[in-house]
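Heads up: the sequence lines are chains E and V, in that order. The opening position of the first sequence corresponds to residue 1 in full-length UniProt numbering, with each subsequent residue numbered one higher. The opening position of the second sequence corresponds to residue 1 in full-length UniProt numbering, with each subsequent residue numbered one higher. Even glycine gets a Cβ: it sits at the ideal position worked out from N, Cα and C. Note sheet for the following structure.
2 protein chains.
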Amino acid sequence: MRIGELSRRSGVPVPTIKYYVREGLLPAGRLTSPNQARYDDGHERRLRLIRALLDVGGLPLSAIAEVLGAVDDTAQPLHEVLGVAAVRITPAQAGDPAGVGPESAEAREEVAALLARRGWRVEPDNPAAQSLAGVLAALRRAGHGGFVELLDVYADAAESVAHADLDYVRRRVAREDLVESVVVGTVLGEAMFGALRRLAHVDASARAYEGGREAEPGAR
Amino acid sequence: MRIGELSRRSGVPVPTIKYYVREGLLPAGRLTSPNQARYDDGHERRLRLIRALLDVGGLPLSAIAEVLGAVDDTAQPLHEVLGVAAVRITPAQAGDPAGVGPESAEAREEVAALLARRGWRVEPDNPAAQSLAGVLAALRRAGHGGFVELLDVYADAAESVAHADLDYVRRRVAREDLVESVVVGTVLGEAMFGALRRLAHVDASARAYEGGREAEPGAR
Numbered sequence: 001m002r003i004g005e006l007s008r009r010s011g012v013p014v015p016t017i018k019y020y021v022r023e024g025l026l027p028a029g030r031l032t033s034p035n036q037a038r039y040d041d042g043h044e045r046r047l048r049l050i051r052a053l054l055d056v057g058g059l060p061l062s063a064i065a066e067v068l069g070a071v072d073d074t075a076q077p078l079h080e081v082l083g084v085a086a087v088r089i090t091p092a093q094a095g096d097p098a099g100v101g102p103e104s105a106e107a108r109e110e111v112a113a114l115l116a117r118r119g120w121r122v123e124p125d126n127p128a129a130q131s132l133a134g135v136l137a138a139l140r141r142a143g144h145g146g147f148v149e150l151l152d153v154y155a156d157a158a159e160s161v162a163h164a165d166l167d168y169v170r171r172r173v174a175r176e177d178l179v180e181s182v183v184v185g186t187v188l189g190e191a192m193f194g195a196l197r198r199l200a201h202v203d204a205s206a207r208a209y210e211g212g213r214e215a216e217p218g219a220r
Numbered sequence: 001m002r003i004g005e006l007s008r009r010s011g012v013p014v015p016t017i018k019y020y021v022r023e024g025l026l027p028a029g030r031l032t033s034p035n036q037a038r039y040d041d042g043h044e045r046r047l048r049l050i051r052a053l054l055d056v057g058g059l060p061l062s063a064i065a066e067v068l069g070a071v072d073d074t075a076q077p078l079h080e081v082l083g084v085a086a087v088r089i090t091p092a093q094a095g096d097p098a099g100v101g102p103e104s105a106e107a108r109e110e111v112a113a114l115l116a117r118r119g120w121r122v123e124p125d126n127p128a129a130q131s132l133a134g135v136l137a138a139l140r141r142a143g144h145g146g147f148v149e150l151l152d153v154y155a156d157a158a159e160s161v162a163h164a165d166l167d168y169v170r171r172r173v174a175r176e177d178l179v180e181s182v183v184v185g186t187v188l189g190e191a192m193f194g195a196l197r198r199l200a201h202v203d204a205s206a207r208a209y210e211g212g213r214e215a216e217p218g219a220r
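If you want it as structure tokens, here you go:
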């Protein structure tokens, strides 16, 4: 198809498509004349993926470019690519800007203890472990250390979701599909969980505070 | 304490503290002379809360200002305040920019069916319901409609986390504590879950793809 058709089908404006090609996010079309290129279903699918990561996942274009680069670089071993994908899609804000002080040291020990307790095979310098330590330290600094007691309830929920994610990923055979499904699952899965948790909050809060009937015993 | 001491204890620079006071995020200190104000533990705690929402939660200052305004406005009924808090801390990017097309209509029906199936007392026009519909539509558009099948696994996990959150909140007696704990729990809880889910991914992926021992039967 021509670029105009690709734009109509994907909902992405032509100048934006050209920009993605220049930035290396989207492969160039196949030239059929000096001024005309043809695009195929692969281009359309890649465009939809970029838009999902951008609009719903809120990833910056630079992170999307790096992840897609790793997906396309077939010389990289699969485990490396999955690592790049996981690190680049970790939200940058979930860090611990201070990273010092008694709360931070305590939080790092707490994360190490959690990993040991659950038998999770994760290096302690994994960015997600650092993010988690940052969250725990911030909770303490904000006067909400009690929230840290919910860690294992959260870890149980995270584990069951992560296993479902992995089952989804393992159904993929082709390498590109596999990595793409990790990226999509991580980013859009996080947005999906966030929305569901807020809906469950509304329900729980309505039952608790709106008066009317209370939660039925055992409904939890 | 003086502003210099408040800055040392909270780790927030003096000009930033003054900026927060001007923007209404932090109550002004008590004037002890025309040029000098005194601050107390409440100011320190509020500063730590602002920093946690900003640095770890990634909330924009405008959303923080609005939420804190609702917390401080004691004339507002509690349920209203909780509503403002929940809406303002919903990440803006988790929307459905297009919002049209067959995927969007299907996604909205799917969310309505989910709410009915689970018996969640949520209005269909709740922003989180719209976010969820946006995520489902984006998954389909990106060619990952199969991921939508994980919806109930995710909803189970979200429900158990939300009940733990509410138990934490219900331990609060004072109104300000209650609303603050909702804000902290929603924002930092989301960051906590995100980090835990990524750690659980690393573990599950190590077991599945790194070779060596496979996951023990029943370990899931």
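| query | Should the region 136–144 of chain E be regarded as contacting the region 127–147 of chain V, the criterion being three or more beta carbon pairs within less than 8 Å? | reply | no
| task | Please confirm whether I89(V) and V161(V) have their CB atoms less than 9 Å apart. | result | no
| task | Please report how far the alpha carbon of L199(V) lies from the alpha carbon of V122(E), in whole angstroms. | result | 7 Å
| Leaving out the 5 sequence neighbours to the left and right, which residues in its chain are closer than 6 Å to M1(V) when beta-carbon positions are compared? | Y39
| query | If you measure beta-carbon to beta-carbon, which residues of the region 118–141 of chain E are closer than 7 Å to chain V? | reply | W120, R121, V122, N126, A128, A129, S131, L132, G134, V135, A138, L139, R141
| With which residues is S33(V) paired in a DSSP beta bridge? | Q36(V)
| query | Ordered along the chain, which non-local residues of its own chain (more than five positions away) have a Cβ less than 8 Å from that of residue 266(V)? | reply | Given that chain V is displayed from residue 1 to residue 220, the structure contains no residue 266(V) and the question cannot be resolved.
| task | Could you tell me if R197(V) is buried or exposed, where buried requires 16 or more neighbouring beta carbons within 10 angstroms of its beta carbon? | result | buried
| query | Alpha carbon to alpha carbon, how far is V12(E) from G101(V)? | reply | 14 Å
| query | Just curious, the alpha helix (DSSP H) that I3(V) is in, first and last residue? | reply | 3–10
| Could you check where the alpha helix (DSSP H) with F193(V) kicks off and where it finishes? | 175–209
| field | Buried or exposed (CB count within 10 angstroms, at least 16 for buried), D125(V) | value | exposed
| Is the region 168–179 of chain V close to the region 174–181 of chain E, with three or more CB pairs under 8 Å? | no
| request: In the DSSP assignment, find the unbroken alpha helix (DSSP H) run with E103(V) in it and report its ends. | output: 102–118
| field | Member of A191(E), D152(E), H163(E), V183(E) whose CA lies at the smallest distance from the CA of A204(V) | value | H163(E)
| query | Got a sec? Which residues, its chain only, sit under 7 Å from T32(E) by beta carbon, not counting five neighbours each side? | reply | R38
| query | How about L49(V) and L68(V): are their beta carbons less than 9 Å apart? | reply | yes
| Contacts that A200(V) makes with chain E (C-beta to C-beta distance below 8 Å) | W120, A155, A158, E159, V161, A162, H163
| R159(V) classed as buried or exposed, judged by whether at least 16 other C-beta atoms fall within 10 angstroms | Residue 159(V) is actually Glu in this sequence, not Arg. The residue is buried, with at least 16 neighbouring Cβ atoms inside 10 Å.
| Could you give the C-beta distance for A86(E) and V202(V), rounded to a whole number, given that I count them as a contact under 8 Å? | 7 Å
| Residues of its chain near V148(E), where Cβ-Cβ distance is below 8 Å and the 5 sequence neighbours each way are ignored | E110, L136, L139, R140
| task | Please decide whether R2(V) counts as near chain E, where near means a Cβ-Cβ distance under 9 Å. | result | no
| task | Would you mind reading off the limits of the alpha helix (DSSP H) that contains Q76(V)? | result | Unbroken run through Q76(V): none, as it is neither H nor E.
| task | To the nearest angstrom, report how far apart A94(V) and S62(E) are at their CA atoms. | result | Note on A94(V): pLDDT 45, under 50, position unreliable in the model; the coordinate value appears next. Distance between the alpha carbons of A94(V) and S62(E) is about 19 Å.
| In chain E, which residues lie less than 8 Å from L78(V) when you measure between Cβ atoms? | Y209
| field | CA nearest to the CA of P127(E), picked from P27(V), E23(V), R22(V), A195(V) | value | A195(V)
| request: Give a yes or no on whether the C-beta atoms belonging to residue 224(E) and A65(E) are separated by under 9 Å. | output: No answer is possible for residue 224(E): it lies beyond the span of chain E, which begins at 1 and ends at 220.
| said: For A107(V) and P34(E), what's the separation of their Cα atoms in angstroms? | reply: 42 Å
| request: Just the C-alpha distance for H43(E) and Y209(E), rounded to the nearest angstrom, thanks. | output: 50 Å
| field | Local Cβ density within 10 Å of G143(V), reported as buried at 16 or more and exposed below that | value | buried
| query | Measuring CB to CB, does L115(E) end up less than 9 Å from L151(E)? | reply | no
| request: Report the rounded CA-to-CA distance for G189(V) versus G83(E), giving the unit in angstroms. | output: 24 Å
| task | Locate the alpha helix (DSSP H) running through G134(V), then write down its first and last residues. | result | 127–141
| message | I need the straight-line Cα distance from D96(E) to L6(E), nearest angstrom please. | response | Low local confidence applies: a pLDDT of 49 at D96(E) is under 50, so the model's placement there is unreliable, with the coordinate-based value given in what follows. In a straight line, the C-alpha of D96(E) is about 42 Å away from that of L6(E).
| said: Counting only C-beta atoms, is E149(E) closer than 9 Å to chain V at any point? | reply: yes
| message | Determine whether the beta carbon atoms of A157(V) and G58(V) lie at a separation below 9 Å. | response | no
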